[in-house]
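So the sequences go chain by chain: A and B. Quick note on numbering: the first sequence equals residues 28 to 243 in this note's numbering. Quick note on numbering: the second sequence equals residues 2 to 766 in this note's numbering. Beta carbons: idealized from backbone N, C-alpha and C, even for Gly. Note that the structure is a prediction, hence the values are computed from the model and not measured. Here's the structure we're looking at; comments come further down.
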Amino acid sequence: MGALQSLHGRPEYLDLAEKTGFSFEQIRVLHERFKQLSHNEETLRRSHFNEIPDLACNPIRAQIIEAFFDRRNYHQNGEGTVEEIGFEEFLVVMSHFRPPSLHMTEEQRENVRREKLRFVFNMHDTDNDGTITLEEYRHVVEELLSRSGALEKETAKSIADAAMLEVASISMGHMEPDEFYEGITFEHFLKLLDGFEIESRMNIRFLNMDTSTLCK
Amino acid sequence: MAVVRSSCGSSARLTAPTCVLLLLLFAFVSVASASRDDAPGGNNETGRAPPEDSHHHHQQTNSSTHHKKAFPVLSFNYEHVRQPFEISLWILLALLMKLGFHIIPRVSNVVPESCLLIVVGLLIGGIIKAIGEKAPMLDSKLFFLYLLPPIILDAGYFLPIRPFTENMGTILVFAVVGTLWNTFFVGGMMYAVCQIEGAQLGGVDLLSCLLFGSIISAVDPVAVLAVFEEIHINELLHILVFGESLLNDAVTVVLYHLFEEFSHADTVTVGDALLGVVCFFVVSLGGIMVGAIYGLLGAFTSRFTSHTRVIEPLFVFLYSYMAYLSAEVFHLSGIMSLIACGVMMRPYVEANISHKSYTTVKYFMKMWSSVSETLIFIFLGVSTVAGPHAWNWTFVIFTVILCLVSRVLGVIGLTYVINKFRIVKLTKKDQFIVAYGGLRGAIAFSLGFLLTNSQLKNMFLTAIITVIFFTVFVQGMTIRPLVELLAVKKKKESKRSINEEIHTQFLDHLLTGIEDICGHYGHHHWKDKLNRFNKAYVKRWLIAGERSTEPQLISFYNKMEMKQAMMLVESGSAAKLPAIVSSMQNIQPRGPARPRAIPSISKSREQEIRKILRANLQKTRQRLRSYSRHDLLIDPFEDGLSEVRFRRQRVEMERRMSHYLTVPANRQEIPSVRKVCFEPEHQVYTYDTDGESLRGRRASHSHPSASDAAGLVNESTRRPDQSGAAEPRAKVPDDQEDQDQLTLSRCLSDPGPNKDEEGGGSFLS
């Protein structure tokens with residue numbers, strides 16, 4: 028099998044492949060990219076990410092970069108952030124964007140959905156308390172609109188408020204005037220994006236061929 | 002007609018007899034018009050003129066002059082208006098038929114409308130033929146120049162861009178490779194069938210068979226639209242089949258002309274085949290380019306129409322129609338040109354034109370395409386009865402079978418290849434629906450009608466009609482129960498929510514970022530680049546005013562907020578408000594307990610306001626959003642939208658100005674009273690974020706809204722002297738509107754008639 032030959036004596040690929048579900052070829056390509064980004068060092072730091080030119084014009088750049096350093100995304104029920112990551116963590120974060128395979132049971136598909144939504148949830152919930160508060164959601168909307176030039180903060184606030192109201196009404200139905208909606212928990216988040224079909228949308232194509240020499 | 006009117010009024014008790022009556026009426030008039038076609042021109046005038054006239058006429062020509070001709074009070078001149086009269090009559094009666102179908106609910110649930118219309122056409126054709134008159138045929142020129150463009154324009158203008166571009170590769174493969182496969186398979190196998198002894202088909206050569214194959218193999222957009230719109234299938238499958246039907250036009254055009262040319266030529270060389278391939282690229286890319294140019298022209302024109310709003314819709318239609326005709330001039334693909342024009346034009350035109358024009362464009366397009374579709378199917382039925390047929394059992398049966406087989410094989414084979422490249426694979430169920438949804442329709446018939454070789458033409462036409470009937474009737478009728486049986490995913494019923502919009506955008510940026518980190522230029526990267534190019538350069542040229550810099554999220558949000566405000570007002574009951582308003586309070590951090598105030602809105606005031614609101618806004622029903630012609634989204638607020646926006650901005654400005662008043666926390670009457678002037682116009686249009694501040698203003702005049710000023714304070718940093726007042730309210734929400742809502746909740750939740758509690762849900766749905 029061709030895959031065995033391309034292992035080049037790297038048994039740790041087997042382990043990673045099992046953990047993340049990537050194929051050997053894909054892991055190899057990503058490893059090349061990792062080395063390119065980190066200038067052949069062993070670990071990646073935030074400064075390395077900041078050097079990617081295409082990423083500079085992305086409005087949610089900071090959140091994306093943070094997601095790589097967030098322990099909650101490492102499947103180990105960790106908390107907090109780290110300062111630098113190795114290839115394994117890089118790969119684990121990337122594995123959130125793998126498409127679901129064709130022959131999956133409903134349960135597996137549901138798990139994939141939860142996992143992806145958990146990733147997005149973690150990106151929103153910056154203070155790690157398990158809920159997305161109004162302030163955090165406002166911040167998300169502000170960041171999204173931050174590249175559009177003259178933006179009134181008020182509009183972003185209004186949008187976030189309306190969105191929050193919607194979540195509240197979907198999750199809690201009718202609430203008494205004295206009740207207070209703390210924030211979006213993960214369960215509410217799941218319910219909110221129920222029809223969103225994130226398992227088909229939150230995927231990118233991972234190449235089997237190395238094209239990193241063609242791009243910056 | 003009186004019968005129809007009365008029975009329409011008595012809600013849907015139109016029974017079969019009345020429908021038959023309609024049918025007979027239709028038949029009678031069309032017979033009359035058909036017979037008039039044959040009557041020699043002169044008869045009408047002399048035959049129908051009242052005797053005195055002709056008498057006087059004779060007298061005059063006899064030149065015994067001194068009698069003064071009596072002034073003709075009533076005369077009859079049908080020739081004068083014959084043609085428009087007949088056209089209008091056909092259209093009118095076709096639409097009455099359509100009306101009739103929808104009044105009988107049972108039938109329209111089982112049988113798709115296209116089938117019913119074909120049956121009506123058959124009946125009409127039968128009646129006309131029985132009387133011995135010549136029935137009108139579906140003329141190809143009429144079809145291609147007048148009946149087809151509205152349908153395609155409607156499809157192209159409202160094409161859902163996101164799923165279309167995401168699945169573009171799949172759609173192109175199905176359209177191009179699939180159609181080629183169908184053509185050659187059917188053509189080749191039919192040739193083999195024709196070689197069978199005893200089938201009397203010896204005169205059919207290979208090229209004719211291939212020509213026939215090219216006509217019959219293309220999936221028809223009209224038929225697909227007509228059937229698929231009624232089954233509400235999920236977006237992916239809909240766009241796959243529908244996109245394929247649109248894009249295969251280029252292939253069909255090239256193959257048809259190619260084989261027709263070849264069948265007149267003596268030899269076919271490889272060079273000719275290569276030219277055919279080149280021709281395909283020219284036809285498709287040329288068509289798209291022509292369409293894009295007209296689209297950009299249309300968008301650019303719409304930038305300047307702010308002073309002549311009335312003619313805005315016409316620009317959309319005319320530029321699109323010109324794109325179609327221009328492409329047809331060069332034998333490029335008119336359908337692709339039309340689609341490209343619509344797609345290119347739409348985002349810019351919609352940003353520029355007024356909302357009334359937008360409504361007009363939408364409704365007119367749906368209207369024209371609906372009429373066209375109805376006429377096409379009826380004419381198809383009539384032409385079936387009228388046309389000369391040459392029935393050949395072998396040919397027809399084998400055609401039908403081969404079409405089915407080739408479609409199934411083609412879809413399975415192509416999906417196997419495509420799935421290697423797709424992120425989200427197509428399942429077996431998807432494949433089945435795609436294969437089963439490959440309907441043939443009137444385009445095949447019209448192309449067959451254009452054939453010049455008369456001896457084969459009749460046989461081909463018969464076979465084509467049989468295939469069309471088979472696909473439309475059998476497949477069209479059974480696809481709905483099959484969809485239910487296979488539990489294929491249906492279209493999502495819910496409306497787009499602000500959260501989904503936020504997350505759609507969020508996901509776009511996230512995936513683009515991840516792609517950049519991964520280091521390969523994928524789908525998202527290019528889409529992002531295109532968006533940025535669009536925003537930086539194109540929008541500036543094509544969109545007027547400050548709308549050119551408005552980000553999509555904000556325009557979506559504005560639309561949504563207007564919708565909700567209008568919905569709220571339309572529902573008209575104040576009882577719903579406490580639920581909604583209180584939920585606003587619920588998401589804000591809890592502040593210190595405030596003294597509750599006594600509400601004092603008199604009932605009469607409330608009634609008066611409600612009456613004014615109702616009078617100013619039209620009452621419409623909200624319907625499900627779909628691309629179907631059968632149910633349109635009737636926006637309740639289209640009429641007042643631009644006005645509302647304008648007023649809102651004005652009010653916004655006024656509020657900002659009122660911010661400059663430094664009012665200490667305990668003296669609230671002044672700003673609140675100022676705001677609550679009971680001018681009806683102001684009250685109607687002072688909508689804020691969630692619409693409740695309307696009521697808030699109404700209510701707040703009666704008691705001090707203690708937190709008004711404080712709210713203002715938190716917003717602006719330029720009044721440090723008020724920060725002291727702000728301290729105890731540090732956790733109080735910053736926005737002005739929230740204050741109003743809080744006060745409102747306090748005053749309305751106390752005694753008021755809190756009748757229904759589901760306001761929150763419906764408000765935010």
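| Chain-ordered residues of the region 404-431 of chain B with a beta carbon less than 8 Å from chain A | Hits within the stretch, in order: ASN420, ILE424, VAL425, LYS426, THR428.
| field | Chain-ordered chain B contacts of A/SER227 [CB-CB under 7 Å] | value | What A/SER227 touches in chain B, judged by beta-carbon distance under 7 Å, is VAL425, going in chain order.
| query | Given a threshold of 16 other Cβ atoms within 10 Å of its Cβ, counted over all protein chains shown, does B/TYR1 qualify as buried or as exposed? | reply | In the structure displayed, chain B extends from 2 to 766; residue 1 of chain B sits before or after that span and is not available.
| query | At what residues does the alpha helix (DSSP H) containing B/HIS525 begin and finish? | reply | Under the DSSP assignment, B/HIS525 falls in the alpha helix (DSSP H) whose first and last residues are 524-534.
| task | Output the distance between the C-alpha atoms of B/GLY523 and B/LEU508, rounded to the nearest integer angstrom. | result | Roughly 15 Å between the two C-alpha positions.
| Among B/ILE424, B/PHE145, B/LEU94, nearest to B/THR171 - alpha-carbon criterion | Of B/ILE424, B/PHE145, B/LEU94, the residue nearest in Cα terms is B/ILE424.
| query | At least one CB of chain B closer than 7 Å to the CB of A/THR47: is that the case? | reply | No, its Cβ sits nowhere closer than 7 Å to a Cβ of chain B.
| field | Closest Cα partner of B/TYR325 within the set B/GLY157, B/LEU211, B/ASN249 | value | Ranked by how close their Cα comes to the Cα of B/TYR325, the residues B/GLY157, B/LEU211, B/ASN249 have B/GLY157 in first place.
| field | Coil, strand or helix - B/THR180 by DSSP | value | In the structure shown, B/THR180 sits in a helix (DSSP, three-state: H, G or I).
| In chain order, what residues of the same chain have a beta carbon less than 8 Å from the beta carbon of B/LEU123, not counting five sequence neighbours either side? | Short of 8 Å from the beta carbon of B/LEU123, and not among the five residues preceding or following it, lie these beta carbons of its own chain, in chain order: GLY382, VAL383, THR385, VAL386.
| task | Specify, as a first and last residue, the run of the alpha helix (DSSP H) that B/LYS130 falls within. | result | From DSSP, the alpha helix (DSSP H) with B/LYS130 extends over 114-132.
| said: Just to make sure I have the definition right: I need the residues of chain B whose C-beta is within less than 8 Å of the C-beta of A/PHE21. Which are they? | reply: Not covered by the structure: residue 21 of chain A. The range shown for chain A is 28 to 243.
| Who are the neighbours of B/TYR558 on chain A, taking C-beta pairs under 8 Å? | Against chain A, the beta carbon of B/TYR558 has neighbours under 8 Å at THR182, SER185, ILE186, ALA189, listed in chain order.
| query | What residues in the region 492-512 of chain B bring their beta carbon closer than 7 Å to a beta carbon of chain A? | reply | The residues in question are LYS493, SER495, SER498, ILE499, ASN500, GLU501, ILE503, HIS504, GLN506, PHE507, LEU508, HIS510, LEU511, LEU512.
| field | Closer than 8 Å at the beta carbon, the chain B residues around A/PHE124 | value | For a Cβ distance threshold of 8 Å, residue set LEU512, ILE515 of chain B lies close to A/PHE124, ordered along the chain.
| field | Spatial neighbours of A/ALA190 in its chain, beta-carbon cut-off 8 Å, leaving aside the 5 residues before and after | value | Excluding residues up to 5 positions away in sequence, TYR164, VAL168 lie with their Cβ nearer than 8 Å to the Cβ of A/ALA190 in the same chain.
| How would you list, in chain order, the residues of chain B whose beta-carbon sits under 9 Å from the beta-carbon of A/ILE87? | In chain order: PHE507, HIS510, LEU511, GLY514.
| request: For A/LEU129, name the three-state secondary structure that DSSP assigns. | output: DSSP places A/LEU129 in coil when its eight states are reduced to three.
| Rounded to whole angstroms, how far is the Cβ of A/ASN100 from the Cβ of A/ALA94, which I believe are closer than 8 Å? | Sure, about 6 Å apart at Cβ, within 8 Å.
| said: Mapping the DSSP letters down to three states, classify B/THR306 as helix, strand or coil. | reply: When DSSP states are grouped into helix, strand and coil, B/THR306 belongs to the helix group.
| request: Could I get the ranges of all uninterrupted alpha helix (DSSP H) runs contained in the region 434-511 of chain B, with 4 residues as the minimum, in chain order? | output: Taking only runs of at least 4 residues, the alpha helix (DSSP H) segments lying wholly in the region 434-511 of chain B are 443-450, 455-470, 477-487.
| Is B/VAL174 closer than 7 Å to B/ILE419 when the C-beta atoms are compared? | Closer than 7 Å, so yes.
| task | Check each candidate in B/LEU483, B/THR268, B/ARG408, B/GLY477 and name the one with the smallest Cα separation from B/LYS430. | result | Of B/LEU483, B/THR268, B/ARG408, B/GLY477, the residue nearest in Cα terms is B/LEU483.
| At which residues does the alpha helix (DSSP H) containing B/LEU75 begin and terminate? | Segment: none, B/LEU75 is in no alpha helix (DSSP H) and carries neither H nor E.
| field | Bridge partner(s) assigned by DSSP for B/ILE398 | value | Answer is none; B/ILE398 lacks a bridge partner.
| With a cut-off of 8 Å, do at least 3 Cβ pairs link the region 175-186 of chain B to the region 141-152 of chain B? | No, the region 175-186 of chain B does not touch the region 141-152 of chain B.
| task | Mark B/VAL291 as exposed unless 16 or more other C-beta atoms lie within 10 angstroms of its C-beta, in which case mark it buried. | result | Under this definition B/VAL291 is a buried residue.
| query | For B/TRP369, which residues of its own chain have a beta-carbon under 6 Å away from its beta-carbon, when the five flanking residues on both sides are left out? | reply | Only PRO151 meet the Cβ criterion.
| query | Taking 7 Å as the CB-CB cut-off, is B/HIS1 touching chain A? | reply | Since the displayed chain B opens at 2 and closes at 766, residue 1 of chain B lies outside it and no answer follows.
| Which residues in chain B sit within 8 Å of A/ARG98, going by Cβ to Cβ distance? | A/ARG98 does not reach chain B, its nearest Cβ partner there being about 19 Å away, counting only Cβ pairs nearer than 8 Å.
| task | Could you list which residues in chain A have their beta carbon closer than 8 Å to that of B/LEU554, in chain order? | result | The answer, in chain order, is VAL168, LEU171, LEU172, ILE186.
| said: Which runs of the beta strand (DSSP E) at least 3 residues long sit entirely within the region 88-152 of chain A? Give them in chain order. | reply: If we require 3 residues or more, the region 88-152 of chain A turns out to have no beta strand (DSSP E) run fully inside it.
| request: Express the C-alpha separation of B/LYS536 and A/ILE79 in angstroms, rounding to a whole number. | output: Rounded to whole angstroms, A/ILE79 to B/LYS536 spans 22 Å at the Cα level.
| request: Reducing DSSP to helix, strand and coil, say where B/ARG107 ends up. | output: B/ARG107: helix per DSSP, three-state reduction.
| said: Does the beta-carbon of B/TYR364, which I'm using as the reference point, lie nearer than 6 Å to any heavy atom of the ligand MN? | reply: Absence of the ligand MN is noted for the structure shown, with no ligands found whatsoever.
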